[in-house]
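Following: one structure in structure tokens, then a few remarks.
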Amino acid sequence: MNAILVVAMALTAISSIGVVISREALYSALSLVVTLGMLAVVFLLLNAQFLFAVQIIIYAGAVMVLFVFIIALLNPEAEDRPVADWHMTIALGGVVVTTILVFVAARNGVTYSDRGFRGQLIGSANNPYHAFSFPVGPVNASGNVQTVAGQLFTTFLLPFEITSLLLLVAAIGAVYLTRRAAH
Amino acid sequence: MVSTQLFPYLLALAGFLFTVGAAGVLIRRNPLVVFMCIELMLNAGNLALVAYGRFLNSEEGQVFAFMVIVVAAAEVVVGLALITQIFRIGRALDIDDLSEMSE
């Protein structure tokens with residue numbers, strides 16, 4: 345399990361770099377498919393089976409097909425970018441610094457209290473998160489889909505309805521934007 | 259069973275994905291690639307939500323990740339419609355050239 349997770353995480357990171365540095369938009373799209381698929385594997389290993397299916401169907405299915413379709417339709421010429429100028433240096437530095445900072449903060453269990461941010465070891469020094477090391481636990485006891493749906497249709501019913509409204513607005517907006525103007 | 263030792267690495271991967279996406283938005287000029295980088299950033303948020311939900315033994319992270327996926331799909335639909343329209347009126351697909359659209 346852990347080995348599969350590490351491999352999926354590594355492939356996610358590598359293919360996400362491919363999205364940014366590919367010269368052709370189609371190669372970026374294919375790299376993004378790999379990133380999203382590997383993220384789906386990570387979700388599966390984190391006991392989010394419903395999100396795994398949704399990620400495959402919506403992202404790798406619907407969204408990426410839309411992207412590839414638009415790329416094929418518009419056929420944008422290959423870019424001569426990116427070049428290794430100072431933008432690239434700043435971007436690379438930002439990626440490295442942020443990753444290290446997030447890792448250090450997460451590893452040391454940085455918490456916020458009335459005294460501000462401070463490092464706090466939650467558990468033992470070797471594994472600060474051992475207090476969280478539950479088995480599958482009561483959350484997914486009755487099945488992941490049932491658990492998520494139970495929350496979605498009770499506690500989070502209002503956000504769920506607002507999301508459906510957003511989908512309706514997006515559909516109407518897309519139809520309005522792409523209609524052929526009357527001459 | 260996934261070891262809790264991997265939790266900081268999952269958060270670091272989320273931070274890495276977000277920063278790579280942000281860097282892509284800044285250094286790429288093709289609006290299609292910029293949209294893909296925005297997808298990367300949204301997925302980084304999803305990963306953090308699911309990882310926290312897993313290790314806090316709560317399902318609410320997954321509920322919100324689901325909503326983020328829906329919002330991302332809606333955003334892609336509208337964005338690609340805009341790009342198609344920009345292409346139809348004969349403009350080059352270049353973020354820098356399109357920056358005077360606000361005027």
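Chains as they are written, first to last, in my numbering: chain A, 345 to 527; chain B, 259 to 361.
For glycine and all other residues, C-beta sits at the position ideal for the given N, C-alpha and C.
Item	Value
Could you tell me the alpha carbon to alpha carbon distance between A:Ser477 and B:Ala339, rounded to whole angstroms?	Below a pLDDT of 50, predicted positions are generally treated as unreliable, and A:Ser477, at 49, falls in that range; the measurement from the model is reported next regardless. If I take the Cα positions, the gap works out to 45 angstroms.
When burial is assigned at 16 or more other CB atoms within 10 Å of the CB, is B:Phe293 buried or exposed?	buried
If we count the other Cβ atoms within 10 Å of its Cβ and call it buried at 16 or more, is A:Asn346 buried or exposed?	exposed
Is it a yes or a no for the stretch 411 to 418 of chain A touching the stretch 382 to 402 of chain A, going by three-plus beta-carbon pairs under 8 angstroms?	no
Exposed or buried, B:Gly348, counting other C-beta atoms within 10 Å across all chains shown (16 or more means buried)?	exposed
Relative to chain A, which residues along the stretch 284 to 311 of chain B have a C-beta separation below 8 angstroms, given in chain order?	Leu284, Ile285, Arg286, Arg287, Asn288, Leu290, Val291, Phe293, Met294, Cys295, Glu297, Leu298, Asn301, Asn304, Leu305, Val308, Ala309 and Gly311
Report the residue from A:Val378, A:Tyr403 and A:Leu390 whose alpha carbon sits nearest the alpha carbon of B:Glu317.	A:Leu390
So A:Thr491 is in the alpha helix (DSSP H); what residue range does that whole segment cover?	Asn488 to Phe497
Distance cutoff 8 angstroms, beta carbons only. Does A:Phe478 sit that close to anything in chain B?	Only weak support is given to the placement of A:Phe478: the predicted model assigns it a pLDDT of 49, under 50, and the question is left unresolved by the model.
What did DSSP end up calling B:Asn301 once you bin it into helix, strand or coil?	helix
Count Cβ pairs between the stretch 511 to 526 of chain A and the stretch 318 to 335 of chain B that sit closer than 8 angstroms; are there 3 or more?	yes
Using the C-alpha atoms, what's the distance from A:Val519 back to B:Leu305?	32 angstroms
Specify the secondary structure class of B:Met325 as computed by DSSP and reduced to three states.	helix
Enumerate, from N- to C-terminal direction, the unbroken beta strand (DSSP E) stretches of 3 or more residues contained entirely within the stretch 384 to 436 of chain A.	none
Going by C-alpha to C-alpha distance, which of B:Ser261, B:Thr262, B:Leu268 and B:Glu297 sits closest to A:Thr443?	B:Leu268
Taking only the alpha-carbon atoms, compute the straight-line gap between A:Thr522 and B:Leu264 and give it to the nearest angstrom.	46 angstroms
Could you give the distance in angstroms between the alpha-carbon of A:Gly467 and the alpha-carbon of B:Phe313?	The predicted model places A:Gly467 with a pLDDT of 49, which falls under 50 and marks its position as unreliable, so this point remains unresolved.
What residues of chain A sit near B:Gly282, judged by a beta carbon separation below 7 angstroms?	Val363 and Val364
Would you mind working out which of B:Gly311, B:Leu351 and B:Val321 sits nearest B:Thr262, comparing C-alpha positions?	B:Gly311
Could you name the residues of chain A that B:Ser261 contacts, counting a contact when the two beta carbons are closer than 7 angstroms?	Asn346
Just how far apart, CA to CA, sit A:Ala357 and A:Thr499?	34 angstroms
Hey, A:His431 and B:Ile341: beta-carbon distance below 8 angstroms or not?	no
Going along the chain, which residues of its own chain have a beta-carbon closer than 6 angstroms to the beta-carbon of B:Ile296, five neighbours each way excluded?	none
Determine the chain B residues that contact A:Val386 at a beta-carbon separation under 7 angstroms, and present them in chain order.	Leu305
What would DSSP say about B:Ile347, mapped onto helix, strand or coil?	coil
At what residues does the alpha helix (DSSP H) containing A:Val351 begin and finish?	Asn346 to Ile365
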